[in-house]
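First up is the structure itself, then whatever we jot down about it.
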Amino acid sequence: MDEHYIKIGSVEKLLQSLQDPGAVILCGGTDLVVKMRQGLLSAKTLLDISDLDQLREIRQERGCIEIGAAVTFSQIIEEAIIGEQIPILAMGLRKLGSTQIRNRGTIGGNLVNASPAADSAIPLLLLDAEVIIADPTGERRVQLEDFLCGPGKTILKQGEFLSGIRVPIPDPEFLPFFHKVGRRKALTIAIASLGALLRMKDGVMDEIRVAAGSVAPVPLRLHRVETMLVGRRLTPQLIKQAQKIVPQCISPMTDLRATADYRYQVISDLLARLLLTVPN
Ligand SMILES: Cc1cc2nc3c(=O)[nH]c(=O)nc-3n(C[C@H](O)[C@H](O)[C@H](O)COP(=O)(O)OP(=O)(O)OC[C@H]3O[C@@H](n4cnc5c(N)ncnc54)[C@H](O)[C@@H]3O)c2cc1C
Numbered sequence: 000m001d002e003h004y005i006k007i008g009s010v011e012k013l014l015q016s017l018q019d020p021g022a023v024i025l026c027g028g029t030d031l032v033v034k035m036r037q038g039l040l041s042a043k044t045l046l047d048i049s050d051l052d053q054l055r056e057i058r059q060e061r062g063c064i065e066i067g068a069a070v071t072f073s074q075i076i077e078e079a080i081i082g083e084q085i086p087i088l089a090m091g092l093r094k095l096g097s098t099q100i101r102n103r104g105t106i107g108g109n110l111v112n113a114s115p116a117a118d119s120a121i122p123l124l125l126l127d128a129e130v131i132i133a134d135p136t137g138e139r140r141v142q143l144e145d146f147l148c149g150p151g152k153t154i155l156k157q158g159e160f161l162s163g164i165r166v167p168i169p170d171p172e173f174l175p176f177f178h179k180v181g182r183r184k185a186l187t188i189a190i191a192s193l194g195a196l197l198r199m200k201d202g203v204m205d206e207i208r209v210a211a212g213s214v215a216p217v218p219l220r221l222h223r224v225e226t227m228l229v230g231r232r233l234t235p236q237l238i239k240q241a242q243k244i245v246p247q248c249i250s251p252m253t254d255l256r257a258t259a260d261y262r263y264q265v266i267s268d269l270l271a272r273l274l275l276t277v278p279n
């Protein structure tokens, strides 16, 4: 099928073009073009938003950092305020793909593609990020946790697009942790990944957020693990108890890359590794 290609120059034009049910947004193309080549997706019109200035900004305002949906991973990693205020995001994105993929791939594309292995989702879930959804009537904000519905599925409706991500700046005392296990060290899709933000106070776990990828239909927070750890002193027994809760939080599947059993084991081991390295 021959697609039409439109280089979008304004948000107004994008919203107008999205009224056509055969129109599909193209940003970095690192997922979309692959799917089109594999015959998994077809489009009547491709709406290229990669040069839309409004979606390419990173700005700080009132305790939050807003990242435009068309900002590339390389831009985020290199941006000073990201490294200073939300280092967990740069930490996770450095493990994503290769230099070429990080130069082209965007944070909006990664979230809308909604892979269970989406690397940007782990730090963003830990940061309690919201996505900003635009439609012809304006914008609305939704927690990222509520945006992702399943593999390749989000709550985005026809005529809507993702305009950005809003990240509340966390307490600088939070310690970041991100670990991705793949079949090789570089350019690998996660078999399983675990991230955390945590803060100790007087030897007690004052706050902890834990999120995992590739072990459920969507990347997700391990809320039960968080609840059982908070307010407790970290002991070998507590770490074992936390590991026992992991299977209640995830539902991994067996696929070409790994078995479900292996994924349960990896998340449990990564959780222990994280908790054993926490300075008291
Ligand atoms: C070799 C290779 C390695 C990779 N490695 C990794 C990896 O390690 N970790 C990982 O997480 N991903 C990886 N990816 C996947 C990919 O790079 C990311 O998902 C990327 O972030 C997608 O962004 P994009 O701008 O290229 O999106 P596109 O391919 O342009 O679009 C992806 C989807 O999102 C939609 N879309 C894009 N932007 C918007 C928007 N603003 N509003 C609404 N819809 C939108 C498109 O219509 C399409 O359905 C890899 C891909 C390749 C090819």
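Note that numbering that gives the first Met the number 0 gives residue 256 to position 257 of the sequence shown, counting from 1, and the numbers run on in steps of one. Even for Gly, the Cβ is constructed at its ideal location relative to N, Cα and C.
Rounded to the nearest angstrom, the gap between the Cα atoms of ILE87 and ARG36 is 34 angstroms.
Assignment of beta-bridge partners to ARG58 by DSSP yields GLU65. In this structure, ALA215 sits near SER250, with a CB-CB distance shorter than 8 angstroms. Each residue's CA atom was taken as its position, placing LEU123 and LEU143 some 8 angstroms apart. Taking 3 residues as the shortest admissible run, the segment 131 to 191 contains the following complete beta strand (DSSP E) segments, listed from N- to C-terminal end: 137 to 142, 147 to 149, 160 to 167, 174 to 180. Counted as a single uninterrupted DSSP element, the beta strand (DSSP E) harbouring ILE24 occupies residues 22 to 25.
When beta bridges are read from the DSSP output, TYR4 appears opposite LEU45. For ARG223, the uninterrupted alpha helix (DSSP H) segment begins and ends at 222 to 228. Contact check between the segment 116 to 135 and the segment 163 to 174: three or more CB pairs, one atom from each, fall below 8 angstroms, which counts as touching. Two segments are said to touch when three or more pairs of C-beta atoms, one from each, lie closer than 8 angstroms; by this definition the segment 187 to 196 touches the segment 269 to 277. Look at GLU83 here: in three-state DSSP terms it is helix. Looking at the backbone, the Cα of ALA68 and that of LEU269 are separated by about 30 angstroms.
The secondary-structure analysis by DSSP pairs THR253 with nothing; it has no beta-bridge partner.
With contacts defined as CB atoms closer than 8 angstroms, ILE190 and ARG256 qualify as a contacting pair. Put simply, the segment 204 to 222 touches the segment 140 to 156. At least three CB pairs are less than 8 angstroms apart. Apart from the 5 residues on each side of it in sequence, ALA113 sits with its Cβ closer than 8 angstroms to the Cβ of LEU147, CYS148, GLY149, PRO150, GLY151, LYS152, THR153, VAL217 in its chain, given in chain order.
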